[in-house]
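Quick note: the sequence shown uses this note's numbering, first residue 29, plus one each step. Glycine included, each C-beta is placed from N, C-alpha and C at the ideal position. Here the structure is a predicted model, which means the values were calculated and not measured.
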Amino acid sequence: MLGIAFKLGPGGKGSNQAVAAARLKSEVRLITKLGRDAFGEMARNFYRQQGMSLERVYGCAVAGISVTRPGTAPSMPAREEVDALVASAKW
């Protein structure tokens, strides 16, 4: 298969839902972890452009992605990362 274009950008269920809400003019406060690298910075810039608050964006988490059948990509974040993120959130 030969491709004619490639586009790299943030995504995932939570990300896509947050972006959709922001585009509908909802106030969105993203609570997540992003890497401190070029990919994380790209995501931060994209979310800022969407008008999303990044007050609760923290350092990198580890997650595995497993494609189980065409069209699916469940993610498996490390349990301790999720627990730490929720515990540190200032609701």
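Inspect the beta-carbon positions of residue i and residue j and report whether they are closer than 9 Å.
i, j, result
"Arg84", "Ile59", "yes"
"Glu108", "Ser81", "no"
Hey, quick one: how far does the beta strand (DSSP E) through residue i stretch, first residue to last?
i, result
"Arg84", "Ser81 to Tyr86"
"Arg107", "Here Arg107 belongs to no beta strand (DSSP E); instead the alpha helix (DSSP H) covers Arg107 to Ser116."
"Lys61", "Arg57 to Lys61"
Pick from the options: whose alpha carbon is nearest that of residue i?
i, options, result
"Arg76", "Ala66, Arg57 and Gly87", "Arg57"
"Ala117", "Tyr86, Arg107, Arg64 and Gly99", "Tyr86"
"Val110", "Ala66, Ala33, Lys61 and Thr100", "Lys61"
"Ser103", "Lys35, Gly39, Gly68 and Phe34", "Gly39"
"Ser43", "Leu52, Leu36, Arg64 and Ala71", "Ala71"
"Phe74", "Gly99, Cys88 and Ala48", "Ala48"
"Ala66", "Ala46, Ala106, Cys88 and Lys53", "Cys88"
"Thr100", "Lys41, Trp119 and Leu52", "Lys41"
Just to check my reading of the structure: residue i and residue j have Cβ atoms closer than 8 Å, yes? What is that Cβ distance to the nearest angstrom?
i, j, result
"Ala50", "Gly68", "Actually they do not touch by this definition, with Cβ atoms about 18 Å apart."
Tell me the residue span of the alpha helix (DSSP H) that contains residue i.
i, result
"Arg51", "Lys41 to Arg51"
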